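For reference, the structure discussed in these notes is given below.
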Amino acid sequence: MSVQSFLAPITGQTAVIDLPDAENWMQGRTLYGGASALIAYTYAIRAFTDLPPLRAAQVGFVAPVGGRVELQAEIVRQGRSVTQLRSELYQDGALALTAFFLFAEPRKPNALYPTRKPSDFPPPAEESEDVMSDKGPNFLRNNFEIRRAQNVSGPGEPVVRRWARLKNREELDPISELILLGDVLPPGAMRAMQRQGPISSINWSFNLLETNPQTEDGWWVSENASQHANNGYSSERLRLWNSEGQQVIDGLQSVAIFG
1 MSVQSFLAPI TGQTAVIDLP DAENWMQGRT LYGGASALIA YTYAIRAFTD LPPLRAAQVG
61 FVAPVGGRVE LQAEIVRQGR SVTQLRSELY QDGALALTAF FLFAEPRKPN ALYPTRKPSD
121 FPPPAEESED VMSDKGPNFL RNNFEIRRAQ NVSGPGEPVV RRWARLKNRE ELDPISELIL
181 LGDVLPPGAM RAMQRQGPIS SINWSFNLLE TNPQTEDGWW VSENASQHAN NGYSSERLRL
241 WNSEGQQVID GLQSVAIFG
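First residue of the sequence shown? That's 1 in my numbering, and the numbers climb one at a time after it.
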């Protein structure tokens, strides 16, 4: 089933909806974070159809999200060029996800400092080894292709970098595609864990560096890097590049490390 079919029940009207094929996107007892964030974004842009391009988001993963959700959204403030909007998912009447989206029209630039292609940018995806096809959570195996983008494995520096693309992305706009992909990898702290244990994303904030991002054949380079891990939590920097090495997302996430 395509992502568009999964999102089809979202009409922009406040309602309780059943998401088709929701089990395909489950990560344990909740929807994968990128999928639940995309639901909130899709509801926002279908409820308010004249929004400027998305520039940034702050997402709080409050509680597990299942296949039946109630959707609510409101414009918090609308200025001449910037619109700030809150979109929320409720499960059984309780808040499960809250997202604060910032939409903004472009301005004449007064500061120019483009991101640089990493010096260790990986070889093309078609030359890279397939990974995760026979392991990892169901949502990952069912919906994404993952290939190696770094020459390391196992314990070590807390950085996880992979090529990633959606298997079924027909007629999906590029911003929705990036929201699905931006949180797809496990945290970099996984490489620093002293023993195996569960992990859980608590929040996710990101800036979009391009409003119409493009890449070759659907492949993006995703990286999660722990900046600090202790006391059961990791502060992670999440970045996404296109196939040419142009950065398109710069993000931050707090992750709970159990076990």
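In this text, a Cβ means the ideal position worked out from N, Cα and C, and glycines have one as well. Predicted, not measured: the structure shown is a model, and the values here were computed from it.
Pairing G232 with R191 gives a Cβ-Cβ distance that is not under 9 Å. P118 and E244 have their alpha carbons spaced roughly 10 Å apart.
Under DSSP, the beta-bridge partners assigned to Y233 are N230, A256. Going by beta carbons, S2 and L172 fall inside the 9 Å limit. In the displayed model, I45 falls within a helix according to three-state DSSP. At a cut-off of 4 residues, the continuous stretches assigned as alpha helix (DSSP H) that sit fully inside the segment 64 to 145 are 138 to 143. Relative to W204, the option among G182, E70, P213 whose CA is nearest is G182.
Taking all protein chains in view, the Cβ of R80 is surrounded by fewer than 16 other Cβ atoms within 10 Å, so the residue is classified as exposed. V248 is positioned such that its CB atom lies closer than 9 Å to that of L178.
Excluding sequence positions up to five before and after L38, its CB lies within less than 7 Å of the CB of S176, I179, L180, all in the same chain and listed in chain order. Here T14 is exposed. Its C-beta has fewer than 16 other C-beta atoms within 10 Å. For the pair P137 and R116, the Cα-to-Cα distance works out to about 33 Å. It is roughly 30 Å from the alpha-carbon of L240 to the alpha-carbon of Q91. F258 has its alpha-carbon roughly 5 Å from the corresponding atom of G197. In this structure, DSSP gives A37 a helical state, which the three-state scheme calls helix. DSSP lists R68 as the beta-bridge partner residues of D18. If you look at V59, you'll find it in the beta strand (DSSP E) that goes 54 to 61. In the three-state reduction of the DSSP assignment, E223 falls in the strand class. Around R68, the same chain offers D18 as residues with beta carbons nearer than 6 Å, after the five sequence neighbours per side are excluded.
Ranked by Cα distance from L208, the first of Y43, T83, A57, L97 is A57. Taking a 10 Å sphere around the C-beta of S201, we find 16 or more other C-beta atoms and assign the residue as buried.
A Cβ-Cβ contact shorter than 9 Å links A104 with P52. R141 is positioned such that its CB atom lies no closer than 9 Å to that of E129.
Between the alpha carbons of R161 and T49 lies a gap of roughly 35 Å. For D250, DSSP records a beta bridge to N207, R239. With fewer than 16 other beta carbons inside 10 angstroms of its own, G28 counts as exposed.
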